[in-house]
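The next block holds one structure in the form of structure tokens; read it before the comments.
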Amino acid sequence: MHQFIEDLAQHEGKEVTLKGWVYNARFGKANIFLELRDGTGFIQCVISQDMVSEEAFEAAKKLAREAALKLVGIVVKDERQMGGFEIQVSALEVYGYSKDYPIKVNENEHGARFLADKRHLWLRSKRQWAIMRVRNEIIMAIHEFFQTNGFVQMDSPIFTGNACEGTTELFETDFFGDPAYLSQSGQLYAEATALAMGRVYTFGPTFRAEKSDTPRHLSEFWMIEPEMAFFDLDMDMDLIENFTKHIVNRVIKNKRVELDTLGRDISKLENVNQKFPRVPYSEAVKILRGEVEVNGKNAIAIQEQDIEDAKKGIEEKTAEIAEREATIKSGVKKGVRKFNEAKIIVLRGEIAELEEKLRNLPKWITSAKNFEMGSDFGNSDETVLTRVFDAPVMVYNWPAKIKSFYMKEVDGNPDLVKGVDLLAPDGFGEIVGGSERETDLDILVRKIKEHDLPMEAFEWYVDLRRFGSVPHSGFGLGLERMVRWICDIHHLRETIPFPRRYGRLLP
RNA sequence: GGCUUGGUAGCUCAGUGGUAGAGCAGUCGGCUGUUAACCGAUUGGUCAUAGGUUCGAAUCCUAUCCUGGCCGCCA
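Heads up, the first sequence is in my numbering, so the first residue is 106 and it goes up one at a time.
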């Protein structure tokens, strides 16, 4: 039996056996410092020449990044270390050596393509480790929330015979000779199970065949879809708010080390602990256009300020590069030169990002200012809109024509439907989409026809309105989008172990 | 699908008409506690591919392929 790094505080001063991999190694004449990882954490292990056998020290000299080994040693308190402890090694045994490990300790020194090709190894990096641990915590928080609130998990099928909402492109497969499609949503099935079980949720993979090559899309992702009988839109929004708060607070409580590793500003996450603003679509449009301010903040003005900040940033960074280049040319020691050269590369990268911003922001402002009442928010519109809030914001009562057929009409205003989107702050955009469902048989049938959907494929769904139709609501959460927001990650490809997206099927 | 940035050593990049460069990784040596360790030395490149302009092309032009980013479609 061996111990795990995350439990070492319980073993202070005692001997432990650890099994893991060398994350990084530093070699001195009489001391070798191994940063060991075992999946539960990272810890520095010191191998001193006079504390281990000659054979063991010789074996340790040959270790390189990602070599696998067992080691025995004493847990020693050391304030300099990240976890507060280190291991003074007394014995070690190598399982497998490793040579020329391709991924650097600082993974930022690699391009996206290179890392994607090495995903099977990239997952061993500290940053990826932290993301996957947060992802797991989010999954646990989701199950905990529903399981302790009377919900039953009811899986929806992955093979389906029809396009559920009739819009998105699906992956077609062969089901004993008939065409079958990989599920793009479990919602319609969740409605059926909710009317059987009361309150349910699905938790499963979802597939979309759109050729969307963006930071916010995957071809295969995980979706959670609760559905509740006897629930209206207001209750749905309450649930979305409580659910989101529960997840974020549990991650903050249990995954602090991982969030710190990711450099996540936790105070921003703590902003969820306030009432989420609830804004009708029509009001959101006015905010987006800059016609209405929120807490003294104007959406358009914030973007214009961003442009000025970006320009200023480019000037400052350009000046700093010139200064550092002059320092290098003036003839300095190698260490100083190297330091400055590394800084210059980082600065150039930052300038490239700011220039990208300068190319985009004017387009975003134009899009926001000229936004037409009745159309759907684009990605940049969501970013601009959410900048005036510091908590997630719920936009509700949407135009019927841009939402799905199953959403319930707003009483007295059939042009609007009782849908709600939860938009995360800081430009992370839509995380949750939900609605109160249409309960009236005749209206639902009319809408299916209006959307040109094949009635025969929806007969079973319409049955739900024939036999004890009740008000019911639900929502869908994209798991990876939640991970992305909580971890503050730019691209969804880092939020799932093996991302499947347009142009990427391996590894 | 549209717009756009790039392709130079295993990795990340500089070089923009005149002899192919740096850091990291690798290899060798040094160093009594290192934190992306440090110090010294060293290996490594048909400058994406094809064609063109030129006395001379990594650099200019054309085409093709690949890549990063933004938008659209959406969770």
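The beta-carbon is built from N, C-alpha and C at its ideal position, and this holds for glycine as well.
Which residues does DSSP list as the beta-bridge partners of residue i?
i, result
"Gln258", "Tyr306"
"Val515", "Asn518"
"Ser540", "Gly524 and Gly579"
"Arg142", "Trp126 and Phe147"
"Asp279", "Pro284"
"Ile329", "Phe308 and Leu582"
"Arg606", "Arg609"
"Trp234", "None, per the DSSP bridge assignment."
"Ser153", "Asn136"
If I measure Cβ to Cβ from residue i and keep anything under 6 Å in the same chain, skipping five residues before and after, which residues do I get?
i, result
"Gln193", "Val151, Gly178, Ile179 and Val181"
"Thr265", "Tyr286 and Ser288"
"Glu120", "Ile179"
"Ser153", "Asn136"
"Lys316", "Tyr607"
"Leu267", "The sequence given here places Asn at residue 267; Leu does not occur at that position. Ala562, listed in sequence order."
CB residue i to CB residue j, shorter than 8 Å?
i, j, result
"Val239", "Lys360", "yes"
"Ala334", "His577", "yes"
"Val377", "Lys350", "yes"
"Thr491", "Val498", "yes"
"Val575", "Thr544", "yes"
"Leu77", "Val199", "As displayed, the chain neither begins before 106 nor continues past 612, which places residue 77 out of reach and without an answer."
"Gly539", "Gly573", "no"
"Arg606", "Ser230", "no"
"Asp318", "Gly608", "yes"
"Trp503", "Tyr386", "yes"
"Glu140", "Tyr128", "yes"
"Ala415", "Leu463", "yes"
"Ile371", "Ile352", "no"
"Asp343", "Glu541", "no"
"Ile405", "Val399", "no"
"Gly581", "Glu330", "yes"
"Thr311", "Met259", "no"
"Ala473", "Asp486", "yes"
"Arg355", "Ala246", "yes"
"Lys422", "Ile450", "no"
"Asp520", "Val500", "no"
"Ile419", "Glu461", "no"
"Ser261", "Ala295", "yes"
"Arg571", "Leu367", "no"
"Lys417", "Arg429", "no"
"Val257", "Met302", "yes"
"Arg321", "Leu546", "no"
"Gly144", "Gly188", "no"
"Leu275", "Ala314", "yes"
"Leu569", "Leu300", "yes"
Run the CB neighbour count on residue i, radius 10 Å, all protein chains shown included, and call it buried at 16 or more, exposed below.
i, result
"Gln115", "exposed"
"Pro612", "exposed"
"Val522", "buried"
"Trp126", "buried"
"Phe348", "buried"
"Gln84", "No information on residue 84 is available, as it lies outside the stretch 106 to 612 that the chain covers here."
"Ser480", "exposed"
"Ile407", "exposed"
"Lys614", "One cannot answer for residue 614 here, as it falls past the ends of the chain, which runs 106 to 612."
"Gln149", "buried"
"Phe603", "exposed"
Between residue i and the rest of its own chain, which residues show a CB-CB distance below 7 Å, the 5 nearest in sequence each way excluded?
i, result
"His215", "Ile208 and Lys209"
"Trp590", "Ala529, Phe533 and Ile536"
"Phe563", "Ile553"
Considering only residues of the same chain and omitting the five flanking positions on each side of residue i, which have a CB-CB separation below 8 Å?
i, result
"Asp155", "Ala135"
"Gln108", "His116, Val121, Thr122 and Leu123"
"Lys552", "Phe510, Tyr511 and Glu543"
"Asp495", "Lys373, Asn376 and Pro530"
On the three-pair Cβ rule with 8 Å, is the segment 578–593 touching the segment 532–539? yes
* Report yes or no: do the segment 198–213 and the segment 155–171 share at least 3 C-beta pairs separated by less than 8 Å? => yes
(Q) With three or more C-beta pairs closer than 8 Å as the rule, is the segment 301–319 touching the segment 502–516? (A) no
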